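One line per chain: the protein sequences are A and B, in this order.
Heads up: the first sequence begins at 1 in UniProt numbering, then just goes up one per residue.
Heads up: the second sequence begins at 1 in UniProt numbering, then just goes up one per residue.
Cβ coordinates follow ideal geometry from the N, Cα and C atoms, glycine included.
On a predicted model such as this, the values are computed, not experimentally measured, just so you know.
Number of protein chains: 2
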Amino acid sequence: MGPLTQGQVESMPISSFVNGQCIYSSGERAGQAYRVEFGAVRVYRVLANGRRQILAFHFGGNWFGLQNEDLHRSNAEAIGVTGVKSVSLHEDPLIWQGLLPAVLENFLSAQEHQLVIGRQSAVERVAAFLLEMSDRSGHSYRLELSMPRVDVADYLGLTIETVSRSLTKLKNKRIINLLGARGIEILEYRALQNLCL
Amino acid sequence: MGPLTQGQVESMPISSFVNGQCIYSSGERAGQAYRVEFGAVRVYRVLANGRRQILAFHFGGNWFGLQNEDLHRSNAEAIGVTGVKSVSLHEDPLIWQGLLPAVLENFLSAQEHQLVIGRQSAVERVAAFLLEMSDRSGHSYRLELSMPRVDVADYLGLTIETVSRSLTKLKNKRIINLLGARGIEILEYRALQNLCL
DNA sequence: CGGCATCTTGAGCCCTGTCAATATGTGTGG
DNA sequence: CCACACATATTGACAGGGCTCAAGATGCCG
């Protein structure tokens with residue numbers, strides 16, 4: 001991803017996390033950039049009343065935790081067994097050059113997601129989510145979601161019940177198939193795309 | 001903002017735009033970074049069915065249009081009479097160094113906004129919006145919104161009717177006062193903050 | 001002062017959240 | 001390999017917040 005950081009990152013050891021383990025949390029001192037090696041990561045924020053919004057999911061190769069400020073404003077947790085490499089942002093100011101593409105990518109994803117949660121209905125959001133997951137796992141038609149329904153809901157700004165109902169609707173329309181609790185089979189890729197228009 | 005770009009930008013001429021005029025639009029060739037000199041800018045995307053989501057508002061000093069890809073994915077329009085300076089991103093690759101803080105700032109704003117449109121009710125969104133506008137105009141208690149209701153609605157993922165009703169609710173609670181169509185007087189700053197928790 | 005855009009208010013409905021019960025799946029220990 | 005227990009997911013009934021459609025009010029500019 002970042003050409004300049006390539007060597008510096010590759011030489012770092014992998015930190016391993018178990019399911020649900022915190023990688024960093026809000027209020028902590030920042031100063032590291034992280035890259036997922038295996039597994040998955042959720043980055044989220046919580047409102048005072050307990051409502052949670054997942055800002056992004058990160059999978060193998062994705063960078064996260066990129067920020068200038070000294071304190072973290074969000075939390076990052078492992079989803080399942082997860083490996084992460086990290087580099088310090090303070091030591092070498094030039095490190096940012098290599099990370100810029102990653103920052104822009106994260107920024108673009110955030111904007112993309114604004115559109116989904118701002119202007120789409122429940123089924124449309126779920127459809128968009130399935131497409132995103134499919135695309136990020138190499139456009140595969142069969143995939144295992146790495147996160148539970150709660151995470152999907154908090155990512156899409158919905159409740160787990162609505163997510164579940166939306167999935168059922170898509171299943172009844174023969175657009176997808178549900179394989180167990182986490183498995184998804186996409187039967188009509190185009191139909192999903194049409195829902196996101 | 002960007003120390004390295006300071007000189008290069010200052011020497012650029014100001015391009016002027018009238019209300020509603022397009023600065024760039026989706027599909028166009030990118031390659032410029034823009035900075036608002038006076039006036040305001042809305043950056044938005046439109047879904048195929050016509051639904052619009054405003055991703056961000058930009059005011060004096062704010063950078064926008066920052067992206068790596070060759071094509072724009074969003075539209076930028078002037079709100080009122082607006083002046084903009086721009087620098088080319090291709091000529092000098094080092095230009096990005098100075099722009100990095102601006103990118104991170106835009107990224108952070110996008111995340112902040114995800115929380116608002118993902119997990120807050122109508123009144124809460126409007127309250128958050130008023131606070132944002134107040135903060136960005138120097139924490140003033142009296143302000144003139146530079147954009148019409150439809151822009152506020154498309155920014156917050158609501159309809160103009162709901163925005164209007166939410167403002168009325170805040171007025172009835174003596175938290176704000178409405179001064180004409182665009183004027184806002186904040187009576188209870190803390191009350192607004194409490195709504196956004 | 002008149003005309004038009006913008007904003008507000010009202011009535012009704014639908015989508016999604018809430019609360020509650022049931023079902024499914026997973027992992028552990030016998 | 002099965003039984004049990006717990007976590008996770010689905011389904012149902014109901015209520016409420018926000019959207020839609022429609023009318024009226026306000027403000028702005030010529």
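Classify A:Glu161: buried if its beta carbon has 16 or more other beta carbons within 10 angstroms, exposed otherwise. Numbered from 1 along the first sequence, position 161 holds the residue referred to as residue 161 of chain A. Exposed, since its Cβ has fewer than 16 Cβ neighbours within 10 Å.
Kindly list the residues whose CB is nearer than 7 angstroms to the CB of A:Ser88, restricted to its own chain and excluding five residues on each side of it in sequence; keep chain order. Within the first sequence, residue 88 of chain A is the residue found at index 88, counting from 1. Cβ within range, chain order: Gly31, Gln32.
Of the residues A:Arg119, A:Ala153, A:Ser140, A:Val46, the one placed nearest B:Tyr155, counting alpha carbons only: As a position in the second sequence, residue 155 of chain B is number 155, starting the count at 1. Closest option to B:Tyr155, Cα to Cα, is A:Arg119.
Note down, one range per segment and in chain order, each alpha helix (DSSP H) of at least 4 residues found wholly within the UniProt domain "HTH crp-type" (120-190) of chain B. 122-136, 149-156, 160-172
Going along chain B in order, which residues have a C-beta closer than 7 angstroms to the C-beta of A:Gly118? Here residue 118 of chain A refers to the residue found at position 118 when the first sequence is read from its first residue. In chain order: Gln53, Ile117, Gly157.
When the Cα of A:Gln21 is compared with those of A:Leu187, A:Arg190, A:Leu143, A:Thr82, which residue comes out closest? Within the first sequence, residue 21 of chain A is the residue found at index 21, counting from 1. Looking at the Cα atoms, A:Thr82 is the closest of the given residues.
Do A:Asp151 and A:Arg42 count as a contact pair if the criterion is CB distance below 7 angstroms? Counting from one through the first sequence, the residue named residue 42 of chain A turns up at place 42. Counting from one through the first sequence, the residue named residue 151 of chain A turns up at place 151. The answer is yes: Cβ separation under 7 angstroms.
Could you tell me the boundaries of the beta strand (DSSP E) in which A:Asn68 lies? For the purposes of this step, residue 68 of chain A is taken as the residue at position 68 of the first sequence. Per DSSP, A:Asn68 belongs to no beta strand (DSSP E) and is neither H nor E.
Any C-beta of chain A under 7 angstroms from that of B:Asn62: Within the second sequence, residue 62 of chain B is the residue found at index 62, counting from 1. Chain A, which has no Cβ nearer than 7 angstroms to the Cβ of B:Asn62, makes this no.
Would a check of beta-carbon distances place B:Phe107 closer than 7 angstroms to chain A? Translated into positions along the second sequence, residue 107 of chain B becomes position 107. So, interface residue.
Beta-carbon spacing of A:Leu131, A:Leu170 below 7 angstroms: For the purposes of this step, residue 131 of chain A is taken as the residue at position 131 of the first sequence. For the purposes of this step, residue 170 of chain A is taken as the residue at position 170 of the first sequence. Taking 7 angstroms as the Cβ cut-off, A:Leu131 and A:Leu170 do not qualify as a contacting pair.
Between the alpha carbons of B:Val126 and A:Gly65, how many angstroms are there, rounded? Along the second sequence, read from residue 1 onward, the residue named residue 126 of chain B stands at position 126. Along the first sequence, read from residue 1 onward, the residue named residue 65 of chain A stands at position 65. Answer to the nearest angstrom: the Cα atoms are 29 angstroms apart.
As a quick exercise: from B:Glu77, B:Ala56, B:Ala102, pick the residue whose alpha carbon is nearest that of A:Glu69. Within the first sequence, numbered from 1, the residue matching residue 69 of chain A stands at position 69. Minimum Cα distance to A:Glu69 is reached at B:Ala102.
Closer than 7 angstroms to chain B by CB, A:Asn68: Working through the first sequence from its first residue, we reach residue 68 of chain A at position 68. Yes, contact with chain B.
By Cβ distance below 8 angstroms, which residues in the same chain neighbour B:Met12 in space, the five residues on each side in sequence not counted? If you number the second sequence from 1, residue 12 of chain B lands on position 12. Cβ neighbours of B:Met12 beyond the five flanking positions: Lys85, Ser86, Val87.
Nearest-angstrom Cα distance between A:Ser25 and B:Ser15? Your numbering for residue 25 of chain A matches position 25 in the first sequence. Your numbering for residue 15 of chain B matches position 15 in the second sequence. Distance between the alpha carbons of A:Ser25 and B:Ser15: 43 angstroms.
Scan the segment 71-100 of chain A for residues whose Cβ lies nearer than 8 angstroms to a Cβ of chain B and list them as they occur along the chain. Arg73, Ser74, Trp96, Gln97, Leu100
Quick one, which of A:Thr168, A:Val116, A:Ile176, A:Phe59 has its alpha-carbon nearest A:Gly138's? Translated into the one-based positions of the first sequence, residue 138 of chain A becomes position 138. Selected option, being the one with the closest Cα: A:Phe59.
If the cut-off is 8 angstroms on Cβ atoms, which residues from the UniProt domain "Cyclic nucleotide-binding" (9-65) of chain B count as contacting chain A, listed in chain order? Arg45, Leu47, Ala48, Asn49, Arg51, Arg52, Gln53, Leu55
Chain A partners of B:Gln193, CB-CB under 7 angstroms? Taking the first residue of the second sequence as position 1, residue 193 of chain B is located at position 193. Neighbours of B:Gln193 on chain A: none; closest Cβ ~10 angstroms, over 7 angstroms.
Measure the Cβ-Cβ separation of B:Gln53 and A:Leu195 and say whether it is below 7 angstroms. Numbered from its first residue, the second sequence carries residue 53 of chain B at position 53. Numbered from its first residue, the first sequence carries residue 195 of chain A at position 195. Between B:Gln53 and A:Leu195, the gap from beta carbon to beta carbon reaches 7 angstroms or more.
Residues of chain B with a CB under 8 angstroms from the CB of A:Ala110: which are they? What you label residue 110 of chain A is simply residue 110 of the first sequence in a count that begins at 1. Those within 8 angstroms of A:Ala110 in chain B are Phe107, Ala110, Gln111, Gln114.
For a test of the three-state rule: what should DSSP assign to A:Gly80, helix, strand or coil? Within the first sequence, residue 80 of chain A is the residue found at index 80, counting from 1. The three-state reading of DSSP puts A:Gly80 in strand, counting E and B together.
Taking only beta-carbon atoms, is A:Leu130 less than 7 angstroms away from chain B? Residue numbering aside, residue 130 of chain A sits at position 130 when the first sequence is read from its first letter. Answer no: the Cβ-Cβ gap between A:Leu130 and chain B never drops below 7 angstroms.
Out of B:Ser74, B:Gly80, B:Ser140, state which residue places its alpha-carbon closest to the alpha-carbon of B:Tyr189. As a first step, residue 189 of chain B is located in the second sequence; it is residue number 189 there, counting from the start. Comparing alpha-carbon positions, the option among B:Ser74, B:Gly80, B:Ser140 lying closest to B:Tyr189 turns out to be B:Ser140.
Whose C-beta lies closer than 7 angstroms to the C-beta of A:Gly2 among residues of the same chain, with five residues either side of it excluded? Reading the first sequence from its first residue, position 2 is the one you call residue 2 of chain A. Confidence in A:Gly2 is poor, its pLDDT being 46 and thus under 50, which makes the residue's placement unreliable; the coordinate value appears in the next sentence. For A:Gly2, where only same-chain residues beyond five positions count, the Cβ hits under 7 angstroms are Gly98, Leu99, Pro101, Ala102.
A:Asn75 - DSSP class collapsed to helix/strand/coil: Residue numbering aside, residue 75 of chain A sits at position 75 when the first sequence is read from its first letter. It is a strand residue.
Listed in chain order, which residues of the segment 167-197 of chain A have Cβ atoms closer than 7 angstroms to some Cβ of chain B? Those residues of the segment 167-197 of chain A placed with their C-beta closer than 7 angstroms to a C-beta in chain B are Leu197, ordered along the chain.
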